[in-house]
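Data block below; observations after.
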Amino acid sequence: MLIIPCPYCGERPELEFSYGGQAHIDRPLAPSDLSDEEWNSYLYVRANPKGRHAERWRHIHGCARFFNAVRDTRTDHILATYKVGEPEPEIPA
Amino acid sequence: MFESRIASPFAGESDAIASLGPIGRAVLRCREADIGSISDKLGIALPRAACRSESNGPSSALWLGPDEWLLLHADLQDDWVSRLAAHLEGELCSLVDVSHRQVALAVQGARAAEILASGCALDLSPRAFPVGMCTRTMFARAEVVLWRTGSMSFHLDVWRSFARYVEALLREAESEN
Ligand SMILES: [Zn+2]
Chain A
1 MLIIPCPYCG ERPELEFSYG GQAHIDRPLA PSDLSDEEWN SYLYVRANPK GRHAERWRHI
61 HGCARFFNAV RDTRTDHILA TYKVGEPEPE IPA
Chain B
94 MFESRIASPF AGESDAIASL GPIGRAVLRC READIGSISD KLGIALPRAA CRSESNGPSS
154 ALWLGPDEWL LLHADLQDDW VSRLAAHLEG ELCSLVDVSH RQVALAVQGA RAAEILASGC
214 ALDLSPRAFP VGMCTRTMFA RAEVVLWRTG SMSFHLDVWR SFARYVEALL REAESEN
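Chains as they are written, first to last, in this note's numbering: chain A, 1 to 93; chain B, 94 to 270.
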């Protein structure tokens, strides 16, 4: 089982968490101004990197808060976690 | 009075696993800036530190999240939550009576942590989970609130419909040596 550091509660077992998809996707301020292609891109098109990925997680069976994590998709190592609203941390290679 | 009206879902009693009977419960949510004034009006300091609890007489406040607390009252009184709400008049917060949503078990004795560890992935050693620590977590497939009330005693709050499931697994762990 993965141990995931919740920014509020500290290290917790993976089974307390749920995954929330790619992080840092802003909802368009004026959706009706978007073309179909732009709306499609906002709704459905996601990065699928082999390596570092900033993503949303929720400590649903703990403090219940959403937060962001940087995870390496090759190794499943969680490199950093941080609160919603904070910028993605820079992590040396 | 309430004891005679509310059926306990639990099947048995033992030294290590016992029903805590009907208790009052409410979920309070508020903004960080209002924690101080709401604590004053409740007469109990809402913990700001993660997974910590505060008690004052029969009342306790358990941190569940940075803006969420479970308030407990040792005996169930019909008007407890409405009295709390009256104290909080003018405050911007949410206070929901959940007294009957959950039921509570005491898990106690020298094997308490070992019995709980059969279904809970947290480190329950006194260093990692000291007296006064509380948290939502999972026991097997059921969400619970686990609160360490003493070095060898835990309060386990579970949704009423999961009570028998959790109790049966705890009793199975208790029966293993
Ligand atoms: Zn958490």
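Idealized CB from N, CA, C, for every residue including glycine. Note that this is a predicted model, so its numbers are computed, not measured.
Return helix, strand or coil for residue i, following the three-state DSSP convention.
i: residue 20(A); result: strand
i: residue 83(A); result: strand
i: residue 10(A); result: strand
i: residue 235(B); result: strand
i: residue 40(A); result: helix
i: residue 193(B); result: coil
i: residue 2(A); result: coil
i: residue 135(B); result: helix
i: residue 198(B); result: strand
i: residue 250(B); result: strand
i: residue 182(B); result: coil
i: residue 105(B); result: coil
i: residue 163(B); result: strand
i: residue 244(B); result: coil
i: residue 94(B); result: In this prediction, residue 94(B) scores a pLDDT of 45, lower than 50, which makes its location untrustworthy; no coordinate-derived value is stated.
i: residue 150(B); result: coil
i: residue 129(B); result: helix
i: residue 72(A); result: strand
i: residue 110(B); result: strand
i: residue 119(B); result: strand
i: residue 78(A); result: strand
For residue i, I'd like the list of residues in its chain whose CB is within less than 6 Å of its CB, leaving aside the five on either flank, ordered along the chain.
i: residue 139(B); result: 128, 132, 154 and 162
i: residue 232(B); result: 212, 213 and 259
Considering only residues of the same chain and omitting the five flanking positions on each side of residue i, which have a CB-CB separation below 7 Å?
i: residue 186(B); result: 121, 122, 123, 127 and 131
i: residue 166(B); result: 116, 117, 151, 152 and 173
i: residue 189(B); result: 119 and 120
i: residue 149(B); result: 136 and 137
i: residue 169(B); result: 95, 115, 116, 117 and 192
Can you check whether the C-beta of residue i is within less than 8 Å of a C-beta belonging to chain B?
i: residue 64(A); result: yes
i: residue 61(A); result: yes
i: residue 98(A); result: Look at the range of chain A in this structure, 1 to 93, and you will see that residue 98(A) is not part of it.
i: residue 19(A); result: no
i: residue 82(A); result: no
i: residue 44(A); result: no
Pull up the CB-CB distance for residue i and residue j, whole angstroms please, since I reckon it's below 8 Å.
i: residue 245(B); j: residue 144(B); result: About 19 Å separates the two Cβ atoms, so there is no contact after all.
i: residue 24(A); j: residue 54(A); result: 6 Å
i: residue 72(A); j: residue 52(A); result: 6 Å
i: residue 156(B); j: residue 117(B); result: Contact doesn't hold; Cβ gap of about 18 Å is too wide.
i: residue 75(A); j: residue 6(A); result: Incorrect: roughly 20 Å between the Cβ atoms, too far for contact.
i: residue 237(B); j: residue 251(B); result: 5 Å
i: residue 104(B); j: residue 257(B); result: 7 Å
i: residue 18(A); j: residue 60(A); result: 5 Å
Does any residue of chain A have a CB that is nearer than 8 Å to the CB of residue i?
i: residue 143(B); result: yes
i: residue 159(B); result: yes
i: residue 236(B); result: yes
i: residue 228(B); result: yes
i: residue 231(B); result: yes
i: residue 210(B); result: no
i: residue 256(B); result: no
i: residue 214(B); result: yes
Excluding sequence positions up to five away, which residues of its chain have a Cβ less than 8 Å from the Cβ of residue i?
i: residue 221(B); result: 215
i: residue 20(A); result: 55, 56, 57, 58 and 66
i: residue 14(A); result: 1, 2, 3 and 4
i: residue 273(B); result: Missing from the structure shown is residue 273(B); chain B here goes from 94 to 270 and no further.
Looking at C-beta atoms only, is the number of pairs between the region 111 to 129 of chain B and the region 36 to 56 of chain A that lie closer than 8 Å three or more? no
Between the region 198 to 212 of chain B and the region 229 to 247 of chain B, are three or more C-beta pairs nearer than 8 Å? yes
With contact counted as at least three CB pairs below 8 Å, one residue from each stretch, are the region 78 to 93 of chain A and the region 166 to 180 of chain B in contact? no
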